[in-house]
Amino acid sequence: MSEFVIQDVYAIDGQLKGHVDPPIPIRELLSQEHWYLRDSNWDPDFFASGQQAAWFYEKETGETVDGVIGLSLPLVVDILRVTGPVVLSDYNDQITADNFLGKSIYYTKGNFFPGSTQKSDFLGTLTRTLLLRLTTDTRIDPARLFEAFVAGLGRRDIQFMFGESQLQQLVEHFGWAGRIFAREGCLGVGGETCVFDPLVINEANLSVSKVNVFIQHSNHREIVVAPDGSITETSTLTLTNTAQDNEPGVGGTYRTYIRFFVPTDASVSDITMDGVPVASRDADRSAALSIPYIERVDSPGAMQGLGIALEVAPGTNRRLRISYTRGVALPVDGNEMVLDVLHGKQAGISDSEQGLTIHFPVFWKAAAESPNARPLVAKDGEFQYNTTLSADLLLRMRFTK
């Protein structure tokens, strides 16, 4: 590395010449007429978002880039757990794993205005101090530091996008490219005996604040396999806003745009928020904006996308539920049936509680296996699994009659 520079994105965005249309949810929910680098991380697939960020950076600065590396805040917290407190003499303060998020908000949001350097000043000071500590402090355990980076790669808190095809193929091979459909199902088993059941949920903060640090997530996924092999599914996402007030720029109401990606053969039957059906957004956008709403969105691969806009007031929670039936069924006329369940993890969200319940006929035998957990056993027509999602969850259910 020949040079290390931290810049405020608002200063770079101010150099953009011309107009770029933003994605419709950014235009409507953020009230942004233009699209800039600061909002370029919009696509759930990091390869697309990285390309978009590189494009904006080149247009705004005139400089080309070889690649884009995305780092999420949970990685910094893990590094601070390894290094211990970092003293910032310019601020007469110390940053720890426990106070990093709060101190970051305190030093970067107070009296902030576009063009202010306080964000780059604080983050620059912290980053330089942390790098100096990592490269000079012999007391730091290299094994623990290595574990922090490995965990960050698994959680998608470190993601890579390269313009050079061989480098890109390498990071995709290792699963470091942030591709939301990187995992395949039914590997090692015949496709005629197996059904792949993926679900990816992507959440975007459109609150014009950092209130997302106060949001707690939990998701429960319930899958019912009928005696004829048909599959119905319900996913319930609960968002809890633990912010206590409406402090500008920090607390307040959480406005979010959530995208559910389900298989293309799925027939969606019901979408509710707190038990009330969510209305569809009119396709021509002629009616006044009313939240919550749902709409169809683009999706790569063999998936279909549903976008839902909603708000969560301070001290409250919202329960979003989507139900659908798969268009493919398990082949019940064979000796063995396999259901591969995938739940994708989103970068930057490290506290998501994931529950999974699979119901199946009581006269079937079932066993579960997962690279994320020890071998598991299902019985009495039901399988349950609960975890804090730290990586993509891939679970294989084997059924015999």
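Sequence positions in the sequence shown follow the working numbering and run -13 to 387.
For each residue, glycine too, the CB sits at the ideal point set by N, CA and C.
A quick note: this is a predicted structure, and the numbers were derived from the prediction, not measured.
Opposing strand residues paired with residue i [DSSP bridges]
i	result
Pro263	Thr258
Pro249	Met289
Asn191	Thr242
Cys180	Val324
Leu457	With the chain covering only -13 through 387, there is no way to say anything about residue 457.
Arg304	Leu225
Leu380	Leu328
Gln202	Thr226
Ile344	Ile209, Phe369
Arg392	Residue 392 is absent from the structure shown; the chain starts at -13 and stops at 387.
Tyr310	Glu219, Val254
Leu185	His329
Ala364	Ala352
Val298	Tyr240
Phe32	DSSP lists no partner for Phe32.
Alpha-carbon to alpha-carbon, residue j and residue i
i	j	result
Gly237	Tyr243	18 Å
Pro249	Val181	11 Å
Asn188	Arg245	5 Å
Asp79	Phe86	11 Å
Tyr43	Glu150	17 Å
Ala354	Lys365	10 Å
Thr374	Gln332	12 Å
Thr224	Tyr240	13 Å
Glu133	Asp143	13 Å
Tyr388	Leu23	Residue 388 is absent from the structure shown; the chain starts at -13 and stops at 387.
Ser285	Gly177	23 Å
Leu131	Ala229	32 Å
Gln1	Gly48	10 Å
Ser309	Glu208	9 Å
Trp350	Ser17	53 Å
Thr69	Thr115	11 Å
Thr124	Pro71	15 Å
Ser75	Ala83	18 Å
Ala137	Gly174	27 Å
Glu(-11)	Arg312	52 Å
Nearest residue (CA-CA) to residue i, options the options
i	options	result
Asp183	Leu139, Arg67, Ala252, Ala134	Ala252
Thr111	Thr124, Thr94, Ile126, Thr122	Thr94
Trp28	Asp231, Gly56, Ser75	Gly56
Pro347	Val197, Pro60, Ile217	Ile217
Met259	Val186, Thr220, Glu281, Arg304	Arg304
Lys3	Asp268, His20, Val(-9)	His20
His329	Arg169, Val298, Gln145, Gly313	Arg169
Asp107	Val6, Val(-9), Pro357	Val(-9)
Ala190	Arg141, His159, Ala295	Ala295
**OP:** Scan the segment 35 to 110 and note each continuous beta strand (DSSP E) run of 3 residues or more that stays entirely inside, going in chain order.
**Re:** 53 to 57, 72 to 74, 79 to 81
Original post:
Hey, which unbroken runs of the beta strand (DSSP E) at 3 residues or more fall wholly within the segment 115 to 161?
Top reply: 144 to 148
Original post:
Would you call the segment 311 to 331 and the segment 269 to 276 touching, i.e. three or more CB-CB distances under 8 Å?
Top reply: no
Subject >> At least three beta-carbon pairs within less than 8 Å, the segment 204 to 213 to the segment 333 to 349 >> reply: yes
Subject >> contact_flag[the segment 64 to 80, the segment 113 to 122] where n(CB pairs < 8 Å) is 3 or more >> reply: yes
Original post:
Counting pairs of beta carbons, one from the segment 32 to 42 and one from the segment 159 to 171, are three or more of them closer than 8 Å?
Top reply: With a cut-off of 8 Å, the segment 159 to 171 and the segment 32 to 42 count as touching, because enough Cβ pairs lie within range.
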